[in-house]
Every structure is written in C-alpha cells, then in structure tokens.
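Note sheet for the following structure.
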Amino acid sequence: MSVSTTTAATAPARPRTPAGGAARRWRLARHSLALAGRALTKTRRNPGELMDAVILPVVFLVLFVYLFGGAVAGSTQEYLQYLFPGILVLTTVLTGQIATGLSIVQDMKKGVFDRLRSLPVPRPALLLGSVLADAVRYVIALVVLFAVGYALGFRVETDLASTLAACGLAIVLGFSLSWLTVLVAVLLRNEIMVSTVGFLLPFPLVFGTGMAAPVDTMPGWLQTWAEVNPVSRAIEASQGLLLGGPVAGPAVATLLWSGVFLAVFGTAAVLAYRRVV
Amino acid sequence: MSTAFEAEGLVKRFGATTALDGVDLHAERGSVLGVLGPNGAGKTTAIRVLATLLRADAGRAVVDGLDVGADPAAVRRRIGLTGQYATVDEELTGTENLVLFGRLLDLPAAEARTRAARLLDRFGLADAGGRRASTYSGGMRRRLDLAASLVGSPSVLFLDEPTTGLDPGRREELWRTIRSLADDGTTVLLTTQYLEEADALADEITVIDDGRVIAHDTPAGLKQQVGGQRVVVRPRDPADVATAADVVARATGGPAVAPRGGVITAAVDGERAFADVVRALEQADVAVTELALRLPSLDEVFFALTDGDRTTPTEES
Numbered sequence: 212m213s214v215s216t217t218t219a220a221t222a223p224a225r226p227r228t229p230a231g232g233a234a235r236r237w238r239l240a241r242h243s244l245a246l247a248g249r250a251l252t253k254t255r256r257n258p259g260e261l262m263d264a265v266i267l268p269v270v271f272l273v274l275f276v277y278l279f280g281g282a283v284a285g286s287t288q289e290y291l292q293y294l295f296p297g298i299l300v301l302t303t304v305l306t307g308q309i310a311t312g313l314s315i316v317q318d319m320k321k322g323v324f325d326r327l328r329s330l331p332v333p334r335p336a337l338l339l340g341s342v343l344a345d346a347v348r349y350v351i352a353l354v355v356l357f358a359v360g361y362a363l364g365f366r367v368e369t370d371l372a373s374t375l376a377a378c379g380l381a382i383v384l385g386f387s388l389s390w391l392t393v394l395v396a397v398l399l400r401n402e403i404m405v406s407t408v409g410f411l412l413p414f415p416l417v418f419g420t421g422m423a424a425p426v427d428t429m430p431g432w433l434q435t436w437a438e439v440n441p442v443s444r445a446i447e448a449s450q451g452l453l454l455g456g457p458v459a460g461p462a463v464a465t466l467l468w469s470g471v472f473l474a475v476f477g478t479a480a481v482l483a484y485r486r487v488v
Numbered sequence: 103m104s105t106a107f108e109a110e111g112l113v114k115r116f117g118a119t120t121a122l123d124g125v126d127l128h129a130e131r132g133s134v135l136g137v138l139g140p141n142g143a144g145k146t147t148a149i150r151v152l153a154t155l156l157r158a159d160a161g162r163a164v165v166d167g168l169d170v171g172a173d174p175a176a177v178r179r180r181i182g183l184t185g186q187y188a189t190v191d192e193e194l195t196g197t198e199n200l201v202l203f204g205r206l207l208d209l210p211a212a213e214a215r216t217r218a219a220r221l222l223d224r225f226g227l228a229d230a231g232g233r234r235a236s237t238y239s240g241g242m243r244r245r246l247d248l249a250a251s252l253v254g255s256p257s258v259l260f261l262d263e264p265t266t267g268l269d270p271g272r273r274e275e276l277w278r279t280i281r282s283l284a285d286d287g288t289t290v291l292l293t294t295q296y297l298e299e300a301d302a303l304a305d306e307i308t309v310i311d312d313g314r315v316i317a318h319d320t321p322a323g324l325k326q327q328v329g330g331q332r333v334v335v336r337p338r339d340p341a342d343v344a345t346a347a348d349v350v351a352r353a354t355g356g357p358a359v360a361p362r363g364g365v366i367t368a369a370v371d372g373e374r375a376f377a378d379v380v381r382a383l384e385q386a387d388v389a390v391t392e393l394a395l396r397l398p399s400l401d402e403v404f405f406a407l408t409d410g411d412r413t414t415p416t417e418e419s
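Same order as they appear, the protein sequences are chains A and B.
Here the working numbering is used: position 90 in the first sequence is 301, and no number is missing along the way.
Here the working numbering is used: position 23 in the second sequence is 125, and no number is missing along the way.
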C-alpha cells in the first residue's frame, strides 16, 4: 500500500505558492490584514469591551479632577493638567489588557482558532492581525481621551511631535503589558479570569505611581513601590512630553521595561501556547 | 484505487494519558471512512493529528501524498476540517465567514466572494448570508461550518462528530450532503458515536477504543461480527413476557432471548425472520405495544468486540 504513488498525478493544482521573500512578506501582510479586519469587525459589532477601555479612564479623569482636584492641587484646572498625562498611560494599559487576551480565549474556546490553524495561514499572521487591530483600538481610545480632555480644558504645553511621542510611548507600554493578559488567557482559557486580571492589573501598576498625587505625600511603603514601579517612569515621560520637563531618562526607562515585559510575557505566552495546543 | 490518507502507528500522549496508542487509519480516494468510538476513545485526537493541529509523538501520517509532520503547510491546502462544535465566527455574517476563509486560502477577493455565494446557495443559506452566524439555528450553523470547510475545495475532509446535537431531520439532511460530497470525489473521514451514522455513510469503519483500533471492516462485515439486527418486542401485558420470550425464541430459532424490563430482544438475520416473529406472536395471541427491527447499539458492538470472540487481530493487551 504505497502512499507515494498518489502525489503528482491526481492531486489538484496547487494554489499560488509563495515563491521568494517578497512574495512571502506580501502574503503575510495580506493574511494579517484579513485577520485584523475580522477582529475590527467584531469590535464594531460588539463594542462593549472597547467601550470599557475608553470610558473607564474618562470616568477616572472626571471623578478625580472634580472631586479631588481642589484638595490636591488647589484648583481643578491645575489638577487636570497634572492628571491628564497619567490618564493617558492608564488608557493604553487598559486598552491593551482588554482586547487581545479576551479574543484569544474566545477563539480557542469556540474552535475558531483550530479552524484558522487548519488553513495555510502563516503563523505570525495570527498574531500580527491581532496586533494591527489593537493598534486601531489604541488610536480610537486616545482620540476620545484627548477630545474629552480638551473639552474639560486640558491643554498640551509642548508641541504636536511631543504629543505624538507621548501617545506612542504609552501605546508601547500598553502593548507590552498586554502580553501578560495573553499569557493568562493561554494558560487559563477562562474569560472571567482574563477580565479580572485585565481589570485589576492597572490598579497597582498605574495608580501606584505619581499619576494622581505627588509621591512624597504617600506612606513610605507606597513611595518605595512608586519608585520602582516601571509605570512611574512612563507617567513621568508622559508628563514631560505633554507639559515640558525631563523626558530622556524616563522615556528610555519606559522603552527598556517595555522590552523586558514583551520578552518575558511574550515568550512565556508563545511557549505556553505551543504546549497547550 | 489510490490512497487519500493513511496513518501508521500514531501515538499521542498528554502527560500521563495516552490518547492514541498506535492507531492505523487508511482511506481510498473518494471513500468515506467512519471512525467509531465512545467519548475519549481518541477519535478527535486522531483527526487533530491528520489535520496538522497536533504533532504525533510517534508514527506517521500522510494526507494526499504529503507527510503531515514534514509539510503541514502544504497539507493545509488539501484539507477541510469541521470540528465537534461549530467553528465559525459567530459575530461575523455567514458571507463574511466564508469570504475570510477564502482570503486566507489565497483566493483573489472576487473569487472568494463568488465561492462564498455558491456555497451558501448550495447549503440553503443564501437568504441568511447577510445575517450574523449567532442568529443561526443549530442546523444552519452546522451547514455553515461544513460550507466553511469546503471553501478551499479540499480533497480530504475531516468531520469530527458533525451531527452531534442535531435533531433527526437535520441529521438526515447533513448525511445527504456528506454523501453527495463523497460522490463528487472528496475523501471523508467522519468520526461518530453512532453506529447508525457510520452505517449510513461509511464505506469502511474503524472502531477505536482507548486509543487503539479494535476493529476495521465494512459496515456489513462489522454487523456480522456483532450479530446483525435485533428484533425488539414489548408485550402489552407484562405478565406475557415469559410467553412472548418463548415465542420469539422459537420463531428466530436463535440463541436465548433475554427479557429485561418487559422488553425482549433477539438476534435475527434477514427480513423473513422478522415476519416470522410477527406471525408467531399473532398466533400465540400476544398483544404488543412495541415491535421493531433495529441495529445493534454501539454498546452491543463494543461488548461484542471487546468481550466477545475477538475475530479481528489487535495488539496484545
């Protein structure tokens, strides 16, 4: 019972096979875009998850500014200027937490992932598609945040390039931290756990910083945490880029930490994923 | 005749559990292979190995002349997979699902749309194509799922318990579709827990239990092994059970009839024997509320294959 006799003669003509490197890259781009389109269609149909990531920071912004602004900074306007750069970081961290991990769990549970993996899709496209869709979600969340911020009276004190740099830096941090959720998603395959991690994680990381109040007003243990907390650096960089002040040090630290998160959580997620499937 | 797919000595372990313990599968081009077995027998694992979703720990699998382990990307162009649970994206419409899979199979956009429309039409979903799959009924979802696995015109189709959870009418409908696919030359591997389903569709049946192949035969051959059809008789008056059992035993001339729970079951061969039973009951004046001819149940198949006389050679255990 020979198997090799069946190949050429009866097999259907192969669909276009990728030849060179350029063709392969083009194919990867096409598949990634198709999958990103799928993810965004899902977000459009079911906007609740994205809305959480968009609305929650706005709620914190309004709440903090009008409840505590007077007490912390003497005037709500001054406090808004102080708080906004931190809320920017909170927004990207929340957006990253909510998007990718949840969709991976859902696809795994419903078997869509198996279907996709049974198709001749380059493996990186599955990931790249999701990242591309995330990028669009980050932009939407930040546009809403800036619109609300400006309506309340926040003003950037630097220039457009610095503003874009602040957004870019915040997105890099949010993206790198989102891999922790992906790791949790792959390991647990449980939407509720993933939502919980995604919702709770920002609190120690983003609130345990100088985002809402000067660090030197905090108890000693919290000062220590805020000092070592990588998100403090991101918020300092964000403040520097939007309001003026030192940028280089905190920005480099943020990028380095993001690289570490990406390497550790990303690698662990990919390894865990290979093990479970 | 040529081989469409073949697996030899597949072994797959998950930690301490051995899901596949040396499984051989084989199907000729254009045939339907039924893989029959209870839950946890290893049916799904076998399909996942053949469909490149899992790597076997040992053994080798060849699909359409291509080695699954060595060239999974090429294998993926030749196969279609429909899982145990409907694996379409519920938040996309029927059309969007099929077009997406077409694009991921490297069809040009226009061709992907044409093919999606044709498949929706073929599966009676043309009117529902613009609706989200989450609004579909169970039967519609199964049909969309099957359509999705056909977008790439696969030469080998893997169907993992495709009719689980469908009502009988829908099941018949899906059976007709699967049969027409095989008639068009697609090779089908179908896993099922229902002997009836394997009987209706498969050219050959491989029975798996506990990660091992315990029988491989044509449906007719398998039924002979396990004793063919059964006649089932339920007397109206439970007091008649003993009398009826006697009558049935004499009419079938077969082995002992086993009355249990007011129901008498006996092995028969051929349609004549059934008519004999009906006549004998009438003559003996036993009123019945249930009188049926049916295939042995899967339980009976397994009983016969594992505990009865083993007529198929299997590995030592």
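For every residue, glycine included, the Cβ atom is placed at its ideal position computed from N, Cα and C.
- Contact check for Asp269 (chain B) against Gly185 (chain B) fails: the beta carbons are separated by 8 Å or more.
- If you draw a straight line from the Cα of Asp345 (chain A) to the Cα of Leu388 (chain A), it is about 13 Å long.
- DSSP places Arg256 (chain A) within a helical segment (H, G or I) once states are collapsed to three.
- Between Asn401 (chain A) and Val316 (chain A), the alpha-carbon positions lie close to 7 Å from each other.
- Any Cβ of chain A closer than 8 Å to the Cβ of Arg278 (chain B) would place that residue at the interface, and such an atom is absent.
- Around the beta carbon of Ile298 (chain A), a 10 Å sphere encloses 16 or more other beta carbons of the protein chains shown; the residue is thus reported as buried.
- Using a Cβ-Cβ cut-off of 8 Å, Asp286 (chain B) does not count as an interface residue toward chain A, since no Cβ of chain A sits closer than that to its own.
- Where Pro441 (chain A) is concerned, the enclosing alpha helix (DSSP H) starts and stops at Pro441 to Leu454.
- Take Val165 (chain B), set aside five residues on each side of it, and the residues of its chain with a beta-carbon closer than 7 Å to its own are Phe107, Leu152, Val177, Arg180, Ile181 and Val258, in chain order.
- Shown here, Arg179 (chain B) sits in coil according to DSSP, grouped into three states, outside any helix or strand.
- Contacts with chain B at 8 Å (Cβ-Cβ) do not include Pro335 (chain A).
- Trp277 (chain B) and Val380 (chain B) have their alpha carbons spaced roughly 32 Å apart.
- Assignment of Gly421 (chain A) by DSSP, reduced to helix, strand and coil, places it in the coil class.
- Rounded to whole angstroms, Val269 (chain A) and Leu371 (chain A) show a C-alpha spacing of 22 Å.
- For Phe116 (chain B), none of the residues of chain A pass the 8 Å Cβ criterion, the least Cβ distance being about 10 Å.
- Val367 (chain A) sits away from Leu251 (chain A), with the two beta carbons spaced by 8 Å or more.
- Under the 8 Å criterion on CB atoms, Phe225 (chain B) is classed as non-interfacial with respect to chain A.
- Our two residues, Asp229 (chain B) and Tyr238 (chain B), have alpha carbons roughly 11 Å apart in a direct line.
- Judged by DSSP secondary structure, Arg205 (chain B) falls within the alpha helix (DSSP H) whose first and last residues are Gly196 to Leu206.
- Taking a cut-off of 8 Å for Cβ pairs, the region 373–389 of chain A and the region 343–359 of chain A touch, as three or more such pairs fall below it.
- Across the structure, Val439 (chain A) and Pro413 (chain A) are spaced so that their CA atoms are roughly 16 Å apart.
- Chain order gives the chain B residues near Asn257 (chain A) as Glu193, where near means a beta carbon separation below 7 Å.
- Residue burial annotation: Asn199 (chain B) is buried, with at least 16 other C-beta atoms found within 10 angstroms of its C-beta.
- Within the region 277–344 of chain B, complete beta strand (DSSP E) segments of at least 3 residues are found at 289–294, 306–311, 314–319 and 331–337, given in chain order.
- Within the region 310–323 of chain A, the residues whose Cβ lies closer than 7 Å to some Cβ of chain B are Lys321, Gly322 and Val323, listed in chain order.
- Bounds of the alpha helix (DSSP H) holding Asp247 (chain B) are Gly240 to Ala250.
- Leu112 (chain B) has B:Val125 as its beta-bridge partners, per DSSP.
- Counting the other Cβ atoms within 10 Å of the Cβ of Ser286 (chain A) gives fewer than 16, which makes it exposed.
- When DSSP reads this structure, Phe107 (chain B) sits in a beta bridge with B:Ala129 and B:Val165.
- Setting aside the 5 residues that flank it on each side, Gly364 (chain A) is surrounded in the same chain by Gln288 and Leu291, each with a C-beta closer than 8 Å to its C-beta; the list follows chain order.
- In terms of CA proximity to Val309 (chain B), B:Gly144 leads the group B:Thr197, B:Gly144 and B:Leu168.
- Contact of Ala245 (chain A) with chain B by beta-carbon distance below 7 Å involves Leu202, Arg205 and Leu206.
- Within chain B, no residue has its beta carbon less than 9 Å from that of Ser406 (chain A); the closest one is some 18 Å off.
- Secondary structure at Leu305 (chain A): helix, using DSSP grouped into helix, strand and coil.
- Linking Thr195 (chain B) to Thr146 (chain B) through their CA atoms gives a straight-line distance of about 27 Å.
- DSSP places Val365 (chain B) inside the beta strand (DSSP E), whose first and last residues are Val365 to Val370.
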